[in-house]
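K.L.:
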Amino acid sequence: MDVFATDQYWNPVASADVARISSSDPGASTPVSGPLSNGYAQYIVSLGTVGTQTLTVTDQTSGSISGMTSAPITVIPSAPDHFEISAIASPLTAGVPVSVTIRAADVGGNTIPDYQGDARLAANTGPGSISPEAVKFTGGEWTGDMTFRGAGAAVSFTCSDYSTPPHTGTSGNFQVLPGPVAGLQVLLPGQDARGGTASGYSGEPEAQNAGSQFMMRVRAVDSYWNLVPDVTDNISLESTDLFAGMPAGTTLVGGEISLPVTLYSCGMQTISASDTDQPSLTQHTSRPIEIIPGPYARILLLAPGEEPAPGTESGRTGTATDQSINFSFTVTVHATDQWWNPVTGISDVVRITSNDPLAELPSDTPLVNGRADLSMRLSTGGYQQITASNVTQPSMETSTTQVRAISSGFHLEAEAIPSAVKAGEEFSLTVKVTNDAGSVIQEINSFVSLTIMNASSQDPGSGDLLVTSFQLLQGQRTIVETYTFAEAIVIMATDDAGNAPAATGVIVVSPGDPAEVALSCSPSWVGGNKHATVGAAVIDAYGNGIPDQEVLCELISGEGDLTQIDTLTQDNGVAEADFYSPREPGISRVRAEAGLLAAELDIETALVDPNQPGGTITNYPNPFHPGNGVTTIAYKLTDNANVTLRIFTLSGALVLREDFPNGSPGGMSGLNEFEWDGRNGNGGYVSSGGYIVLVEAEGHGETLHVMRRRVGVVR
Numbered sequence: 015m016d017v018f019a020t021d022q023y024w025n026p027v028a029s030a031d032v033a034r035i036s037s038s039d040p041g042a043s044t045p046v047s048g049p050l051s052n053g054y055a056q057y058i059v060s061l062g063t064v065g066t067q068t069l070t071v072t073d074q075t076s077g078s079i080s081g082m083t084s085a086p087i088t089v090i091p092s093a094p095d096h097f098e099i100s101a102i103a104s105p106l107t108a109g110v111p112v113s114v115t116i117r118a119a120d121v122g123g124n125t126i127p128d129y130q131g132d133a134r135l136a137a138n139t140g141p142g143s144i145s146p147e148a149v150k151f152t153g154g155e156w157t158g159d160m161t162f163r164g165a166g167a168a169v170s171f172t173c174s175d176y177s178t179p180p181h182t183g184t185s186g187n188f189q190v191l192p193g194p195v196a197g198l199q200v201l202l203p204g205q206d207a208r209g210g211t212a213s214g215y216s217g218e219p220e221a222q223n224a225g226s227q228f229m230m231r232v233r234a235v236d237s238y239w240n241l242v243p244d245v246t247d248n249i250s251l252e253s254t255d256l257f258a259g260m261p262a263g264t265t266l267v268g269g270e271i272s273l274p275v276t277l278y279s280c281g282m283q284t285i286s287a288s289d290t291d292q293p294s295l296t297q298h299t300s301r302p303i304e305i306i307p308g309p310y311a312r313i314l315l316l317a318p319g320e321e322p323a324p325g326t327e328s329g330r331t332g333t334a335t336d337q338s339i340n341f342s343f344t345v346t347v348h349a350t351d352q353w354w355n356p357v358t359g360i361s362d363v364v365r366i367t368s369n370d371p372l373a374e375l376p377s378d379t380p381l382v383n384g385r386a387d388l389s390m391r392l393s394t395g396g397y398q399q400i401t402a403s404n405v406t407q408p409s410m411e412t413s414t415t416q417v418r419a420i421s422s423g424f425h426l427e428a429e430a431i432p433s434a435v436k437a438g439e440e441f442s443l444t445v446k447v448t449n450d451a452g453s454v455i456q457e458i459n460s461f462v463s464l465t466i467m468n469a470s471s472q473d474p475g476s477g478d479l480l481v482t483s484f485q486l487l488q489g490q491r492t493i494v495e496t497y498t499f500a501e502a503i504v505i506m507a508t509d510d511a512g513n514a515p516a517a518t519g520v521i522v523v524s525p526g527d528p529a530e531v532a533l534s535c536s537p538s539w540v541g542g543n544k545h546a547t548v549g550a551a552v553i554d555a556y557g558n559g560i561p562d563q564e565v566l567c568e569l570i571s572g573e574g575d576l577t578q579i580d581t582l583t584q585d586n587g588v589a590e591a592d593f594y595s596p597r598e599p600g601i602s603r604v605r606a607e608a609g610l611l612a613a614e615l616d617i618e619t620a621l622v623d624p625n626q627p628g629g630t631i632t633n634y635p636n637p638f639h640p641g642n643g644v645t646t647i648a649y650k651l652t653d654n655a656n657v658t659l660r661i662f663t664l665s666g667a668l669v670l671r672e673d674f675p676n677g678s679p680g681g682m683s684g685l686n687e688f689e690w691d692g693r694n695g696n697g698g699y700v701s702s703g704g705y706i707v708l709v710e711a712e713g714h715g716e717t718l719h720v721m722r723r724r725v726g727v728v729r
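Under this note's numbering, residues 15 to 729 are what the sequence shown spells out, in order.
1) Candidates Y238, I116, A317, E429: which alpha carbon is nearest Y397's?
2) Go ahead and pull the three-state DSSP assignment for H425.
3) Comparing C-alpha positions only, which one of N694, G526, A207 sits nearest to V235?
4) Answer yes or no: do T448 and T492 have a C-beta to C-beta separation smaller than 9 Å?
5) Note down the Cα distance separating P141 from W239, rounded to an integer number of angstroms.
6) Roughly how many angstroms separate the alpha carbons of N731 and I116, rounded to a whole number?
7) Under 8 Å: does the beta carbon of K446 sit that close to some heavy atom of the ligand GTP?
8) Kindly confirm or deny that the region 410 to 425 and the region 382 to 402 touch, where touching means at least three C-beta pairs closer than 8 Å.
9) Thinking T144 and A221 are a contact (beta carbons under 8 Å), I'd like their distance in whole angstroms, please.
10) Rounded to whole angstroms, how far is the Cβ of I661 from the Cβ of L651, which I believe are closer than 8 Å?
11) Going by DSSP, name the residue or residues bridged to Y215.
12) Could you tell me if K446 is buried or exposed, where buried requires 16 or more neighbouring beta carbons within 10 angstroms of its beta carbon?
13) Quick one: give me the first and last residue of the beta strand (DSSP E) that A136 is part of.
14) Tell me whether the beta-carbon of A613 lies closer than 9 Å to the beta-carbon of L533.
15) Taking 9 Å as the cut-off, decide whether the C-beta atoms of D554 and G512 are in contact.
16) Give the single residue among G713, P356, P624 whose Cα lies nearest to the Cα of R312.
17) Given N543, which residues of its chain have a CB within under 8 Å of its CB, disregarding the five upstream and five downstream residues?
18) According to DSSP, L392 sits in a beta bridge with which residue or residues?
19) Note down the Cα distance separating P192 from A136, rounded to an integer number of angstroms.
20) In the structure shown, what three-state DSSP assignment does L50 receive?
21) Put F162 into one of helix, strand or coil per three-state DSSP.
22) Pull the bridge partners of C280 from the DSSP assignment, please.
23) When you compare the CB positions of D120 and F151, do they come within less than 9 Å of one another, or not?
24) How long is the line joining the alpha carbons of A451 and Y310, rounded to whole angstroms?
25) Can you tell which of A667, A711, G680 has its C-alpha closest to the C-alpha of N694?
26) Between the Cα of P49 and the Cα atoms of S678, A28, E411, I455, which residue gives the shortest distance?
27) Cutting at 6 Å between CB atoms, please list the residues of its own chain near C280, excluding the five before and the five after it.
28) Less than 7 Å between C-beta atoms, sequence neighbours within five positions excluded: which residues of the same chain meet that for D351?
29) Given this structure, state the Cα-to-Cα distance separating T75 from V89, to the nearest angstrom.
30) Tell me which residues share the same chain as I35 and place their Cβ nearer than 8 Å to its Cβ, disregarding the 5 neighbours each side in the sequence.
31) With burial defined as no fewer than 16 other Cβ atoms inside 10 Å of the residue's Cβ, what is the status of S571: buried or exposed?
32) My guess is that V707 and I647 are in contact by the Cβ rule of under 8 Å, so how many angstroms apart are they, rounded?
33) Whole beta strand (DSSP E) runs in the region 335 to 411 with 3 or more residues, listed along the chain?
See the structure below:
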């Protein structure tokens with residue numbers, strides 16, 4: 015701003031006094047001062063507060079000199095510089111919304127009213143721990159509810175726009191408390207807790223060596239994975255490694271606990287924790303952790319019925335099944351680490367020996383990728399020791415198991431998996447020959463025949479089985495089957511070797527997916543003003559009715575009324591509707607829809623059964639009221655004919671005669687109709703009573719039909 019020394023008439027005069035500039039703006043760069051030079055000086059001033067401001071100059075050298083205040087100066091915001099965030103009440107509870115205001119401000123902190131930009135929000139508790147994470151400014155501000163899910167003593171968040179570089183602003187610190195306890199969380203090495211985020215953690219479990227101890231953390235958490243420190247519940251632990259080295263239960267201290275764990279079974283394993291004091295809390299299963307087998311250290315011999323059990327003393331679980339004398343069975347040798355985990359890539363030669371002096375044993379055999387399946391047979395009854403030794407490394411510890419040799423009859427066993435399928439859906443059927451101990455007799459390869467029995471009635475099944483016979487291979491075989499009829503069944507298996515037959519458990523076959531809508535009408539035709547039941551069956555590809563399917567029935571052409579009875583198909587797959595026919599003959603078309611499937615059916619209203627042969631006659635209505643309506647006399651001819659229609663009184667007097675030439679209406683093959691209004695040949699109405707209609711048809715010189723019908727007249 016420019017400052018001049020003047021006389022009382024505002025004329026410039028020479029002066030070297032010191033002038034001082036002040037402002038009504040608390041954010042201005044004033045006061046500033048400096049001497050005039052020959053009555054003039056220029057001062058640099060910046061205003062920092064939006065609104066109307068003034069500047070005032072005073073003479074600091076001579077107090078008698080009058081000062082001056084400028085005219086009002088309008089101060090507007092400058093360019094966006096940063097964001098300012100309102101103070102947030104503390105403490106908050108995780109997941110409870112709180113109102114927040116964010117302003118787009120210039121360098122002086124003034125709101126920029128025309129700022130309409132977008133901005134993103136990010137908290138120091140991690141991605142996804144707050145909402146919203148994006149906002150849009152209106153008039154330089156955004157106000158709304160924010161939800162903070164991550165707990166902490168010094169939570170803050172930053173607002174930044176999309177400019178380069180971005181304008182930013184960070185809130186003050188505030189405390190977020192965890193919500194009520196909702197469940198547990200299991201964390202493994204390599205994972206860090208991240209309360210407030212969707213997963214509740216960062217990182218993935220680090221692979222561990224079998225038999226090596228590592229630390230696991232279990233935490234009581236709220237719905238947003240925040241630690242709830244006041245929980246001291248008892249918890250139970252379990253693992254997919256059935257032989258894991260860890261306690262079955264423990265107690266939380268301050269809402270969490272760290273404890274050592276040793277896993278032995280190689281592969282991907284998990285650990286789960288549940289709260290025994292509060293069973294309603296959500297249990298948690300860890301992310302899968304890879305357990306790496308150790309170096310090759312020993313071999314493991316398994317007989318039928320035994321399974322590997324890494325981490326146990328013997329390395330095996332289960333009990334060896336009894337084997338039939340002089341029938342072969344298979345033993346398996348595995349290369350393992352010191353914890354009995356299978357190790358691949360090993361090709362050492364192994365040897366099988368037994369204390370049965372008459373046993374037939376396999377020759378020395380190399381392992382293939384750490385495994386050998388060897389066939390042998392025992393010949394001496396009782397318990398026999400079987401031992402595997404390493405020929406390549408004789409110093410390696412041997413592995414021994416015990417098998418009982420028995421003499422017993424054989425029988426078939428049959429198993430279907432799964433036990434519930436849809437019609438036409440594949441399931442597996444396993445049939446094997448076993449002894450009384452359940453051991454497969456590998457040397458019986460008989461032919462097996464299969465039959466179906468209804469599980470309830472014991473009657474033969476109503477459907478078709480895909481495979482009905484096959485040959486066993488090494489005493490057993492698994493085949494793929496399908497069955498077409500919806501019913502509960504049992505599959506019976508017999509063989510040509512005379513072994514005792516087998517039956518599967520009950521297999522529940524339900525209808526397949528909808529494939530067709532089938533329409534029917536009962537009766538197949540209907541007389542005038544009569545009811546008929548329309549059935550809309552939703553069926554699968556094998557004709558099984560499917561229950562509980564939505565069906566819409568409607569009359570799309572012709573006369574009559576259709577009233578839907580069922581909106582869903584019944585247990586037999588049929589939804590019914592009632593059709594009420596018109597008085598006059600005709601064709602009415604009904605349509606049924608079920609999802610994308612549809613069908614149409616023509617229903618015939620007729621006076622004569624369309625399925626009746628030629629020579630059939632009827633009339634409708636009967637009796638009838640001359641003067642109020644006619645009766646329709648309908649009859650069927652097997653061929654074109656010359657027809658004479660005569661009506662007689664019961665005493666034999668002729669009332670009316672009509673003749674219809676061959677091939678014309680009344681004399682055509684099929685249905686013919688004649689309407690009688692109750693008048694005689696002279697045009698007068700007949701009296702009330704009974705009358706006989708006689709129709710004679712002559713074709714090609716012979717009588718085709720002679721038809722009689724009694725008609726009632728009411729006057």
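Don't be surprised by glycine CBs; every beta carbon is placed ideally from N, CA and C.
P.N.:
From the atom records:
1) The count along the sequence shown starts at 1 and reaches residue 397 at position 383. Nearest option by C-alpha distance: A317.
2) Within the sequence shown, residue 425 is the residue found at index 411, counting from 1. H425: strand per DSSP, three-state reduction.
3) By one-based count along the sequence shown, residue 235 stands at place 221. Comparing Cα positions, the closest option is A207.
4) In the sequence shown, the residue the question calls residue 448 occupies position 434. In the sequence shown, the residue the question calls residue 492 occupies position 478. Not closer than 9 Å, so no.
5) If you number the sequence shown from 1, residue 141 lands on position 127. If you number the sequence shown from 1, residue 239 lands on position 225. Going by the C-alpha atoms only, they are around 14 Å apart.
6) Here the chain has residues from 15 to 729 only, and residue 731 is not among them.
7) You won't find the ligand GTP in this model; it holds no ligand whatsoever.
8) yes
9) Working through the sequence shown from its first residue, we reach residue 144 at position 130. Working through the sequence shown from its first residue, we reach residue 221 at position 207. In the sequence as displayed, the identity of residue 144 is Ile instead of Thr. Going by Cβ atoms, the distance from I144 to A221 rounds to 34 Å, so no, they are not a contact pair.
10) As a first step, residue 661 must be located in the sequence shown, where it is residue number 647. As a first step, residue 651 must be located in the sequence shown, where it is residue number 637. Not a contact, Cβ separation roughly 19 Å.
11) Taking the sequence shown and counting its residues from 1, one reaches residue 215 at position 201. Note: Y215 sits in a beta bridge opposite A207.
12) In the sequence shown, counting from the first residue as 1, residue 446 sits at position 432. Buried, because 16 or more other Cβ atoms sit within 10 Å of the Cβ of K446.
13) Residue numbering aside, residue 136 sits at position 122 when the sequence shown is read from its first letter. Residues 132 to 137.
14) Translated into positions along the sequence shown, residue 613 becomes position 599. Translated into positions along the sequence shown, residue 533 becomes position 519. Against a cut-off of 9 Å, the Cβ pair of L533 and A613 comes out as a contact.
15) The sequence position of residue 554 within the sequence shown is 540, counting from 1. The sequence position of residue 512 within the sequence shown is 498, counting from 1. No, the pair does not count as a contact, with Cβ atoms beyond the cut-off.
16) Position 298 of the sequence shown holds residue 312. Nearest option by C-alpha distance: P356.
17) Numbered from its first residue, the sequence shown carries residue 543 at position 529. Beyond the five residues adjoining it in sequence on each side, N543 comes within less than 8 Å, by CB distance, of Y594, S595, P596, R597 in the same chain, given in chain order.
18) On the sequence shown, residue 392 is found 378 positions in, with the first residue counted as 1. Answer is none; L392 lacks a bridge partner.
19) Along the sequence shown, one-based indexing puts residue 192 at 178. Along the sequence shown, one-based indexing puts residue 136 at 122. Going by the C-alpha atoms only, they are around 19 Å apart.
20) Numbered from its first residue, the sequence shown carries residue 50 at position 36. L50 sits in coil when the DSSP states are folded into three classes, being neither helix nor strand.
21) By one-based count along the sequence shown, residue 162 stands at place 148. In the structure shown, F162 sits in a strand (DSSP, three-state: E or B).
22) Counting from 1 along the sequence shown, the entry for residue 280 is found at position 266. DSSP lists no partner for C280.
23) Looking up residue 120 in the sequence shown gives position 106. Looking up residue 151 in the sequence shown gives position 137. Not in contact: D120 and F151 (Cβ atoms no closer than 9 Å).
24) What you label residue 451 is simply residue 437 of the sequence shown in a count that begins at 1. What you label residue 310 is simply residue 296 of the sequence shown in a count that begins at 1. C-alpha separation (whole angstroms): 34 Å.
25) For this step, residue 694 is matched to residue 680 along the sequence shown. Residue A667 is the option with its Cα nearest to N694.
26) As a first step, residue 49 must be located in the sequence shown, where it is residue number 35. Taking only the C-alpha atoms, the option nearest P49 is A28.
27) Within the sequence shown, residue 280 is the residue found at index 266, counting from 1. Cβ neighbours of C280 beyond the five flanking positions: A224, I305, P307, N355.
28) In the sequence shown, residue 351 corresponds to position 337, counting from 1. The residues are A224, P307, G308, P309, Y310, A311, V357.
29) As a working mapping, residue 75 is identified with position 61 in the sequence shown. As a working mapping, residue 89 is identified with position 75 in the sequence shown. C-alpha separation (whole angstroms): 31 Å.
30) Taking the sequence shown and counting its residues from 1, the one referred to as residue 35 is at position 21. For I35, where only same-chain residues beyond five positions count, the Cβ hits under 8 Å are M15, V17, T44, P45, V46, S47, Y57, V59, L69, T70, V71.
31) As a first step, residue 571 must be located in the sequence shown, where it is residue number 557. When all chains shown are included, S571 counts as exposed.
32) If you number the sequence shown from 1, residue 707 lands on position 693. If you number the sequence shown from 1, residue 647 lands on position 633. With a Cβ gap of about 6 Å, V707 and I647 count as contacting.
33) 343 to 350, 363 to 368, 385 to 390, 396 to 404
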